[in-house]
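Worksheet for the structure shown next.
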Amino acid sequence: MSKQLTAQAPVDPIVLGKMGSSYGIRGWLRVFSSTEDAESIFDYQPWFIQKAGQWQQVQLESWKHHNQDMIIKLKGVDDRDAANLLTNCEIVVDFIAVASA
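Under the UniProt record's numbering, think of the first position of the sequence shown as 1, with each following residue one higher.
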């Protein structure tokens, strides 16, 4: 988690989903998308999370389907303990950045 980027707060934050429980021992997390098409959450970048009142930008390394779930791997999150710290974090994008893309 120490490799996550500290970022300025999104000007117009939009919640796209939420991180669920960790999956496995290598830092994967379940993800719950609020987008109309669940996979569309991956079309919007960069992602931000808020931990301890501070915004952090997180970088998606990989994602895949697992049974009925989708799971994600974030850069710098390499074990279950680091993934557990992100459980229930909302996935946010900056509407202004998305709208201008």
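In this text, a Cβ means the ideal position worked out from N, Cα and C, and glycines have one as well.
> Taking ASN67 as the reference, which of ILE96, LEU85, TYR23, TYR44 has the closest Cα?
Replying inline: Residue numbering aside, residue 67 sits at position 67 when the sequence shown is read from its first letter. When only C-alpha atoms are compared, the closest one is TYR23.
> Taking the alpha carbon of GLN50 as the point to measure from, which residue in ARG26, MET19, ASP79 has its own alpha carbon closest?
Replying inline: By 1-based counting over the sequence shown, the position of residue 50 is 50. Ranking the options by Cα distance to GLN50, first place goes to MET19.
> With C-beta atoms as the reference, is VAL93 less than 8 Å away from TYR44?
Replying inline: Along the sequence shown, read from residue 1 onward, the residue named residue 93 stands at position 93. Along the sequence shown, read from residue 1 onward, the residue named residue 44 stands at position 44. Yes; because the gap between Cβ atoms is below 8 Å, this pair is in contact.
> When DSSP labels each residue in this structure, what does ALA25 get in the three-state scheme?
Replying inline: Position 25 of the sequence shown holds residue 25. The residue you asked about is not Ala; residue 25 is Ile in the sequence shown. Reduced to three states, the DSSP call for ILE25 is coil.
>> Please classify VAL31 as buried or exposed, where buried requires at least 16 neighbouring CB atoms within 10 angstroms.
In response: For the purposes of this step, residue 31 is taken as the residue at position 31 of the sequence shown. So VAL31 counts as buried.
> For the alpha helix (DSSP H) that contains SER100, what are its first and last residues?
Replying inline: Locating residue 100 in the sequence shown gives position 100, where the first residue counts as 1. Residues 95–100.
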